[in-house]
Amino acid sequence: MTFNSEWADAVAATKDRQATAMQLNQVAPDPGGGSGSTERDLEVTQDDLGAVGSEAFRLHDQLRKGSDIAGAGSGKSQSGSTARAAQECSNHNLAMGGELSTTLSLWDTQVKTLLQMCAHISNHLDYTKKSHSNEEAEIAASLRRRDGTAVAASDISRLIT
Numbered sequence: 123m124t125f126n127s128e129w130a131d132a133v134a135a136t137k138d139r140q141a142t143a144m145q146l147n148q149v150a151p152d153p154g155g156g157s158g159s160t161e162r163d164l165e166v167t168q169d170d171l172g173a174v175g176s177e178a179f180r181l182h183d184q185l186r187k188g189s190d191i192a193g194a195g196s197g198k199s200q201s202g203s204t205a206r207a208a209q210e211c212s213n214h215n216l217a218m219g220g221e222l223s224t225t226l227s228l229w230d231t232q233v234k235t236l237l238q239m240c241a242h243i244s245n246h247l248d249y250t251k252k253s254h255s256n257e258e259a260e261i262a263a264s265l266r267r268r269d270g271t272a273v274a275a276s277d278i279s280r281l282i283t
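Positions 123 to 283 (my numbering) are the ones given, in order, by the sequence shown.
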């Protein structure tokens, strides 16, 4: 058999398969928003959230103290040594003065943005921990029988499915 005849057979066989087959490039989305799997794919404990929130708070504090080059070395003039250096360079007609001032302004803006992000993470995780605890208490209270006893796990499972 020649290459051309083998190629023609392969093309014909492929066309036959494509006409009758369907190919999915992904799993159909789960209507419940999950991955379709019965296994948990993400689990976070309160300790994990607390640790991340603490680190964000600590980073915020260290960054606030260590990155203030705009106010570093400030005296009575209330401008830092970098701002004063930029002003001195500009006073002596050095182009570097304007560039240093621009760099200082950009640095200050970026640091403030990073500080806001750290604060947001810390505050959000604190809120999440409190909110989750309140929701757990509400769920526990709603899953009690009239006599105050807890609903059995098998009953909960039956109610869910």
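By construction, the Cβ of each residue, glycine as well, lies at the ideal position given by its N, Cα and C atoms.
As the structure is a computational prediction, the values presented were derived from the model and not from experiment.
Buried versus exposed, by CB contacts within 10 Å (16 or more), residue i
{"i": "Thr204", "result": "buried"}
{"i": "Gly202", "result": "buried"}
{"i": "Leu216", "result": "exposed"}
{"i": "Ser244", "result": "buried"}
{"i": "Ala178", "result": "buried"}
{"i": "Leu247", "result": "buried"}
Beta carbon of residue i nearer than 8 Å to that of residue j
{"i": "Gly219", "j": "Gln232", "result": "no"}
{"i": "Gln168", "j": "Lys251", "result": "yes"}
For residue j and residue i, the rounded distance between their alpha carbons
{"i": "Leu171", "j": "Ala272", "result": "28 Å"}
{"i": "Thr224", "j": "Asp230", "result": "10 Å"}
{"i": "Asn213", "j": "Val174", "result": "47 Å"}
{"i": "Met123", "j": "Ala134", "result": "16 Å"}
{"i": "Glu258", "j": "Ala241", "result": "26 Å"}
Closer than 7 Å: residue i CB and nearest the ligand GTP heavy atom
{"i": "Glu258", "result": "As for the ligand GTP, it is missing from this structure, which has no ligand bound."}
- Counting Cβ pairs closer than 8 Å, one from the stretch 258 to 274 and one from the stretch 182 to 191, do we hit at least three? No contact exists between the stretch 258 to 274 and the stretch 182 to 191.
4-residue-minimum alpha helix (DSSP H) runs that sit fully inside the stretch 189 to 276, ordered along the chain: Fully enclosed alpha helix (DSSP H) runs of 4 or longer: 203 to 213 and 217 to 264.
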